[in-house]
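There are 2 protein chains.
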Amino acid sequence: MMLSLTCKTAIKAVIYLAIKFKTGEKAGIKNVASYINASEHTVGKILQSLAKESVINSAKGPTGGFYLTLKQNNQPIINVIYAIDGKGSFEECGLGLSKCSATHPCPMHYEYKVIRDQFKTICRDNKISDLCETVEDGIAYLMD
Amino acid sequence: MMLSLTCKTAIKAVIYLAIKFKTGEKAGIKNVASYINASEHTVGKILQSLAKESVINSAKGPTGGFYLTLKQNNQPIINVIYAIDGKGSFEECGLGLSKCSATHPCPMHYEYKVIRDQFKTICRDNKISDLCETVEDGIAYLMD
DNA sequence: GTTTAAACATGATCTCTATCATATTAATGT
DNA sequence: ACATTAATATGATAGAGATCATGTTTAAAC
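Just so you know, the sequences run in chain order R and U. Taking this note's numbering, the leading residue of the first sequence gets 1, the next gets one more, and so forth. Taking this note's numbering, the leading residue of the second sequence gets 145, the next gets one more, and so forth.
Okay, here's the thing in structure tokens:
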């Protein structure tokens, strides 16, 4: 939607970590990358960023890897979005004006804002664990 | 939203042509560019593309320029989007899967689709002339 | 303590979009 | 007819995001 490609990859990666969370396993970069069908290098950078922002956890050395705590597993996915695309993700104007607001709106402002806010709500209401469920149940997929 | 920067500029340019439509004037590239605060070169390419797709009209030579017919003025803005970003604009997956659908959904598919379709509806229901009105009335703006 | 497996850090390259530049074509007015 | 004005066409450049490559640090296992 207004998510960068990197951010989409990040969400998929985190959902995969949520799957691993159930068995208490950590996941390595290669592991994640192959499951979500993304480049190892890209996934590596993303996971590091997320770890730095405490959206996920990491452990170095053999037996190391990336993992979620219970609290992290119950985070809304908007946390991932904020960590990767920044806090401004849900503030952008539909027509690209830098200062679009109720007091100085673009011609699409009001209708666009409704949609944007709705998407924000979805991202705030859906926890990582929620999205994980659909994949575990075989209802949804993380790759084609 | 899922619109490219070029497409956003295109919409603003077309709205400006709708303003000119009222007085029957044609608008030149410089004219449009300065009003919507965009690069002349960029606006030039955009207007040419739109003319080629018959979303707008053009006339060469002195007294030439770009303009709308009555029919074009009443087009929905989705026509502009299709011309610039292509027909696939409203089909993209929220998580970037190339084959995301009801039969093979990503974890966000259903909720995302609702939003995406809603945005599509807005773009189909709003005519160029509608958006022009808000600018003419001083309610909305095309630049900061 | 040495080896090894993993995250971490930094920088380089690629790719796509957007922007810039130049030359050509067409139409108007004198 | 000629000069002028504006769209058209094509290609080059710049910038940002994404990807790739290499080396460094940390921690576990023996």
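Just so it is clear, CB atoms sit at the ideal spot from N, CA and C, and this is done for glycine as well. Here the structure is a predicted model, which means the values were calculated and not measured.
The residues 272, 275, 276, 279, 286, in chain order, have a CB closer than 7 Å to that of residue 159 (chain U) in the same chain once the five nearest residues on each side in sequence are set aside.
Take residue 268 (chain U), set aside five residues on each side of it, and the residues of its chain with a beta-carbon closer than 7 Å to its own are 220, 222, in chain order. DSSP, reduced to helix, strand and coil, places residue 211 (chain U) within a strand of the structure shown.
Between residue 251 (chain U) and the set R:93, R:116, R:122, R:114, the nearest pair of CA atoms involves R:122.
Rounded to whole angstroms, the separation of the alpha carbons of residue 84 (chain R) and residue 49 (chain R) is 7 Å. In this structure, DSSP gives residue 127 (chain R) an extended state, which the three-state scheme calls strand. Taking residue 156 (chain U) as reference, the option from U:175, U:260, U:167 with the minimal CA-CA separation is U:175.
Residues 210 of the same chain have their beta carbon placed closer than 6 Å to that of residue 191 (chain U), with the five preceding and five following residues left out of the count.
Within the segment 176-201 of chain U, no residue places its CB atom closer than 7 Å to a CB of chain R. Within chain R, the residues placing a beta-carbon under 7 Å from that of residue 263 (chain U) are 115, ordered along the chain. The count of Cβ pairs closer than 8 Å, one atom from the segment 244-260 of chain U and one from the segment 172-187 of chain U, stays below three, leaving the stretches out of contact. The three-state secondary structure of residue 246 (chain U), taken from DSSP, is coil. Along the segment 147-167 of chain U, the positions whose C-beta sits under 8 Å from a C-beta of chain R are 147, 149, 152, 153, 155, 156, 159, read in chain order.
At a cut-off of 9 Å between C-beta atoms, residue 63 (chain R) does not count as an interface residue with respect to chain U. In the structure shown, residue 183 (chain U) falls within a coil segment according to DSSP collapsed to helix, strand and coil. Under DSSP, residue 62 (chain R) shares a beta bridge with no residue. For the set R:99, R:144, R:61, the Cα lying nearest the Cα of residue 241 (chain U) is the one of R:144. For residue 154 (chain U), the three-state secondary structure derived from DSSP is helix. Interface annotation for the segment 67-99 of chain R against chain U: 77, 92, 93, 94, 95, 96, 97, 98, 99, criterion Cβ-Cβ distance under 9 Å. Setting aside the 5 residues that flank it on each side, residue 195 (chain U) is surrounded in the same chain by 202, each with a C-beta closer than 6 Å to its C-beta; the list follows chain order. The three-state secondary structure of residue 227 (chain U), taken from DSSP, is helix. If you draw a straight line from the Cα of residue 6 (chain R) to the Cα of residue 110 (chain R), it is about 28 Å long.
Residue 189 (chain U) is not a Cβ neighbour of residue 234 (chain U), given a cutoff of 9 Å. With 16 or more other Cβ atoms inside 10 Å of its own Cβ, residue 249 (chain U) counts as buried.
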